[in-house]
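Heads up: the structure comes next, in structure tokens.
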Amino acid sequence: MALLEVEDLTVNFYTEEGVVTAADEVSYRVERGEKFGIVGESGAGKSVTSMSLMRLIEDPGRIESGEIRFKGEDILEMSETEVRELRGNEIAMIFQDAQTALNPVFTVGEQISEAIRHNLGYDDDKARERTIRLLDEVGIPEAEARYSDYPHEFSGGMQQRAVIAMALSCDPDLLIADEPTTALDVTIEAKILDQIEELAEEFDTAIQLITHDLGVIAKVCDRVMVMYAGKPVEKAAAEELFYDPKHPYTVGLMSSIPRIGDTRDRLQTIPGTMPDLVDVPTGCSFHPRCPYAEAACTRKEPKPVDPDTGMDATGTDADRAAACLAYTGDLAGELDYTVEVQGEDPRLQLGDHRE
Amino acid sequence: MRRLSDFTSGRQDIEPFTRDRDDVSPQSMRSIDGGFLSRLLVPQWLKRRAITVEIATPQTAYALGAQIPFEVTMKNRLPVPVTLTTRSPVLWTWTVDGLTEASHVELRDPPDETGEFSFSRGERKRFSGRWTQKFRVARREWEPATPGEYTLGASINVDTAEQDAVGDETTVRLVPE
Ligand SMILES: Nc1ncnc2c1ncn2[C@@H]1O[C@H](COP(=O)(O)OP(=O)(O)OP(=O)(O)O)[C@@H](O)[C@H]1O
Ligand SMILES: [Mg+2]
Chain A
2 MALLEVEDLT
12 VNFYTEEGVV
22 TAADEVSYRV
32 ERGEKFGIVG
42 ESGAGKSVTS
52 MSLMRLIEDP
62 GRIESGEIRF
72 KGEDILEMSE
82 TEVRELRGNE
92 IAMIFQDAQT
102 ALNPVFTVGE
112 QISEAIRHNL
122 GYDDDKARER
132 TIRLLDEVGI
142 PEAEARYSDY
152 PHEFSGGMQQ
162 RAVIAMALSC
172 DPDLLIADEP
182 TTALDVTIEA
192 KILDQIEELA
202 EEFDTAIQLI
212 THDLGVIAKV
222 CDRVMVMYAG
232 KPVEKAAAEE
242 LFYDPKHPYT
252 VGLMSSIPRI
262 GDTRDRLQTI
272 PGTMPDLVDV
282 PTGCSFHPRC
292 PYAEAACTRK
302 EPKPVDPDTG
312 MDATGTDADR
322 AAACLAYTGD
332 LAGELDYTVE
342 VQGEDPRLQL
352 GDHRE
Chain B
69 MRRLSDFTSG
79 RQDIEPFTRD
89 RDDVSPQSMR
99 SIDGGFLSRL
109 LVPQWLKRRA
119 ITVEIATPQT
129 AYALGAQIPF
139 EVTMKNRLPV
149 PVTLTTRSPV
159 LWTWTVDGLT
169 EASHVELRDP
179 PDETGEFSFS
189 RGERKRFSGR
199 WTQKFRVARR
209 EWEPATPGEY
219 TLGASINVDT
229 AEQDAVGDET
239 TVRLVPE
């Protein structure tokens, strides 16, 4: 049994503009100790998917169907108390705006200690000890002295590290990190990613890492799910995704590949923008931006299939899946792109041979 | 759909309300939220008539296959906030020939509860959408429309019997090039 199994998760927001399906039959799994990445443009549904795991979807949003099994138990069926027990204890989350996770009126050390006392039942001294060790491990210099600092006395990068320390303080089995480094500058970003990785390894914590940056995925993750307009469009082992992308959207994401910290808008190379989710294109949602789109793509919505066999791959078990009609024999043409590996650099460049 | 002229007779209905409002001291007014006040005092039938809905397209005829943009405008004609109770959290829908979102298959399975569509005093809301000249014929399949005349509609999701009061229609012609 995988640590986390998300099956057919659908989340709708009932807005004035219309119904927004922010997660549309999303299925994936995260194994124990695994680093699983979710990547996609802004608005793709990455945060909504992650918030659903903690049952933190707020009005006008509704988790409308699906199952979210954590260690085999459906989180969607749990009582509010059970879910609260899970949060911050077995599942910890670092939010996009992580700094807000720190309460300005308590010292950083106190906050972490409190979490440890509450979740692990440590006494004051032991909790303090563990906190200082954690602060030290996430790279806060002079951790013992810094224990009594207030959040505002920490730099942005240090606050972020403190939040990571807090998330890991209770030895969670799953850490959901939603763009944990976007607010930080590049040198710190790389360091913090390293730390998250190291700590996860040390504590044997699985990570669900959300990012819009394939470079971050390449650096950290074992397996990846690419989302577009609320739907999973590709799933693969991270390496496979980079060397053999199967969905034209993934290819587009890669064509200006990700160096950690590169500030260019990486999705510029895919012309157009992601659709407004109240008005999703017919057929394949990506067709208006896809260089390989044919008439069929406007009339048929592709299901995730195994790109080699064309067999259904919608379930949580599927390791390799791409939702493109090219793999179900519905297209006349082919997806003719190649991926070039440049030198020793594991980052890839993409040659589109159509032009 | 009803136009403003239908509504003049309703004016008398508003007047007592306006008077009521004057009777309330400014002090206590501040502590009562407008939505609550309107729920209390404006009868449901009047609230429905207070909201007008209009759907419009830039052209009346379109080449076959072209996108058809439409704009839906809703306006609260009352000088007080109005909240309509909708049949589900889906607040309003657009249709083509009576088919919600141009689909032959049921797309939505909203929670079994009512929704609330709120308008502030005199508020105008504008929504834009588009019909791609396709009908959804299955969960994952669409078919293009054939040449001819089609009716685009928009209505607030209240009881069917009352929908005419808070809906509007317009027609477009699809012509082969
Ligand atoms: N509170 C809300 N009310 C209405 N719609 C919402 C709400 N939260 C999210 N959505 C819708 O859900 C979609 C997905 O949002 P989500 O936050 O999951 O995107 P994301 O992939 O995390 O993007 P980003 O990279 O910008 O964080 C959005 O496009 C938005 O339309
Ligand atoms: Mg997000």
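Keeping their order, the protein sequence lines are chains A and B.
Going by this note's numbering, the first sequence runs without a break in its numbering and finishes at 356.
Going by this note's numbering, the second sequence runs without a break in its numbering and finishes at 245.
We treat Cβ as the ideally placed atom computed from N, Cα and C, and that holds for glycine.
These numbers were taken from a predicted model, which means no experiment stands behind them.
Every unbroken beta strand (DSSP E) within the stretch 20 to 100 of chain A, with a cutoff of 3 residues, ordered by chain: The stretch 20 to 100 of chain A contains these whole beta strand (DSSP E) runs: 20 to 31, 36 to 40, 62 to 71, 92 to 95.
Local conformation of valine 110(B) per DSSP, three classes: Counting from one through the second sequence, the residue named residue 110(B) turns up at place 42. Residue state, collapsed to three classes: coil.
Contacts that threonine 283(A) makes with chain B (C-beta to C-beta distance below 8 angstroms): Here the question's residue 283(A) lines up with position 282 in the first sequence. Ordered by position in chain B, the residues that pass the 8 angstroms Cβ test against threonine 283(A) are Thr200, Lys202, Arg204, Trp210.
Euclidean distance between Cα positions of alanine 93(A) and leucine 169(A): To locate residue 93(A), count along the first sequence from 1; it is residue 92. To locate residue 169(A), count along the first sequence from 1; it is residue 168. Taking the straight line from one Cα to the other gives about 7 angstroms.
Segment limits, beta strand (DSSP E) that includes phenylalanine 14(A): For the purposes of this step, residue 14(A) is taken as the residue at position 13 of the first sequence. Element bounds for phenylalanine 14(A): 5 to 15.
N- and C-terminal bounds of the alpha helix (DSSP H) containing glycine 158(A): Indexing the first sequence from 1 puts residue 158(A) at position 157. Residues 157 to 169.
Residue burial classification, alanine 129(B) (beta-carbon count within 10 angstroms, cutoff 16): Residue mapping note: residue 129(B) aligns to position 61 of the second sequence, counting from 1. Counting Cβ neighbours within 10 Å, alanine 129(B) comes out exposed, since fewer than 16 surround it.
Straight-line Cα distance separating glycine 311(A) from alanine 327(A): For the purposes of this step, residue 327(A) is taken as the residue at position 326 of the first sequence. For the purposes of this step, residue 311(A) is taken as the residue at position 310 of the first sequence. Using only the alpha carbons, I get a separation of about 9 angstroms.
Three-state class that DSSP yields for lysine 304(A) in the structure shown: Looking up residue 304(A) in the first sequence gives position 303. DSSP places lysine 304(A) in coil when its eight states are reduced to three.
Check whether aspartate 124(A) and threonine 315(A) have beta carbons under 9 angstroms apart: Within the first sequence, numbered from 1, the residue matching residue 124(A) stands at position 123. Within the first sequence, numbered from 1, the residue matching residue 315(A) stands at position 314. Cβ distance not < 9 angstroms, so aspartate 124(A) and threonine 315(A) don't count as in contact.
Proximity below 9 angstroms, CB of alanine 45(A) to CB of isoleucine 113(A): Along the first sequence, one-based indexing puts residue 45(A) at 44. Along the first sequence, one-based indexing puts residue 113(A) at 112. Taking 9 angstroms as the Cβ cut-off, alanine 45(A) and isoleucine 113(A) do not qualify as a contacting pair.
Residues of the stretch 16 to 32 of chain A with Cβ closer than 9 angstroms to any Cβ of chain B, in chain order: Thr16, Glu17, Glu18, Gly19, Val20
Contact list for arginine 176(B) against chain A, beta-carbon separation under 7 angstroms: Indexing the second sequence from 1 puts residue 176(B) at position 108. Result: Val20.
Nonlocal neighbours in the same chain, by C-beta distance under 8 angstroms from asparagine 144(B), ignoring five residues either side: Within the second sequence, the letter at position 76 stands for residue 144(B). Result list for asparagine 144(B): Ala118, Ile119, Val150, Phe187, Ser188, Arg189, Gly190, Glu191, Arg192, in chain order.
Three-state secondary structure assigned by DSSP to glutamate 345(A): In the first sequence, the residue the question calls residue 345(A) occupies position 344. At glutamate 345(A) the pLDDT is 44, less than 50, meaning the model places this residue with poor confidence; the figure from the coordinates comes in the next sentence. Three-state DSSP puts glutamate 345(A) in coil, outside helix and strand.
Whole-angstrom distance between tyrosine 229(A) and aspartate 25(A), CA atom to CA atom: If you number the first sequence from 1, residue 25(A) lands on position 24. If you number the first sequence from 1, residue 229(A) lands on position 228. Going from the Cα of aspartate 25(A) to the Cα of tyrosine 229(A) covers about 10 angstroms.
Residues, ordered as in the chain, of the stretch 50 to 63 of chain A that lie near chain B by beta-carbon distance below 7 angstroms: Those residues of the stretch 50 to 63 of chain A that come within reach of chain B (Cβ to Cβ, closer than 7 angstroms) are Pro61, Arg63.
Residues near cysteine 291(A) by beta carbon distance below 6 angstroms, same chain, minus five either side: Locating residue 291(A) in the first sequence gives position 290, counting from the first residue. Pro249, listed in sequence order.
Length-filtered (4 minimum) alpha helix (DSSP H) runs lying within the stretch 107 to 155 of chain A: List check, alpha helix (DSSP H) in window: 109 to 121, 125 to 138, 144 to 147.
Unbroken beta strand (DSSP E) run spanning glutamate 122(B), endpoints: For the purposes of this step, residue 122(B) is taken as residue 54 along the second sequence, with counting starting at 1. Looking at the DSSP string, the run of the beta strand (DSSP E) that includes glutamate 122(B) is 119 to 124.
Chain A contact for lysine 115(B) (CB, 9 angstroms cutoff): Numbered from its first residue, the second sequence carries residue 115(B) at position 47. It does not; no Cβ of chain A falls within 9 angstroms.
9 angstroms Cβ cutoff met for glutamate 235(A) and threonine 251(A): What you label residue 235(A) is simply residue 234 of the first sequence in a count that begins at 1. What you label residue 251(A) is simply residue 250 of the first sequence in a count that begins at 1. Taking 9 angstroms as the Cβ cut-off, glutamate 235(A) and threonine 251(A) qualify as a contacting pair.
With 16 other Cβ atoms within 10 Å as the buried cut-off, status of glycine 73(A): Walking along the first sequence from the start, residue 73(A) turns up at place 72. It is exposed - the Cβ of glycine 73(A) has fewer than 16 other Cβ atoms within 10 Å.
Under 8 angstroms by beta carbon: chain A residues contacting glycine 183(B): Working through the second sequence from its first residue, we reach residue 183(B) at position 115. Result: Tyr15.
Chain B contact for glutamate 303(A) (CB, 9 angstroms cutoff): For the purposes of this step, residue 303(A) is taken as the residue at position 302 of the first sequence. Reading off the sequence shown, one finds proline at residue 303(A), where the question assumed glutamate. Judged by the 9 angstroms Cβ criterion, proline 303(A) is in contact with chain B.
Cβ pair aspartate 223(A), lysine 36(A) closer than 9 angstroms: Residue mapping note: residue 223(A) aligns to position 222 of the first sequence, counting from 1. Residue mapping note: residue 36(A) aligns to position 35 of the first sequence, counting from 1. Closer than 9 angstroms, so yes.
Partners in chain A for phenylalanine 138(B), counting only beta-carbon separations shorter than 9 angstroms: Residue 138(B) sits at position 70 when you count from the first residue of the second sequence. Contact of phenylalanine 138(B) with chain A by beta-carbon distance below 9 angstroms is absent, the smallest such distance being about 11 angstroms.
Interface partners of glycine 197(B) on chain A, CB under 7 angstroms: Walking along the second sequence from the start, residue 197(B) turns up at place 129. The contacting residues are Asp280.
Beta-carbon proximity list for histidine 153(A), same chain, < 7 angstroms, skipping 5 on both sides: Numbered from 1 along the first sequence, position 152 holds the residue referred to as residue 153(A). Same-chain partners within the cutoff: Pro105.
Same chain, Cβ closer than 6 angstroms to glutamate 111(A), five either side skipped, listed in chain order: Within the first sequence, numbered from 1, the residue matching residue 111(A) stands at position 110. Taken in chain order, the list of residues that qualify is empty.
The stretch 123 to 136 of chain B: positions lying closer than 9 angstroms to chain A by Cβ: none
Span of the alpha helix (DSSP H) around phenylalanine 204(A): Here the question's residue 204(A) lines up with position 203 in the first sequence. Counting along the chain, the alpha helix (DSSP H) containing phenylalanine 204(A) begins and ends at 187 to 204.
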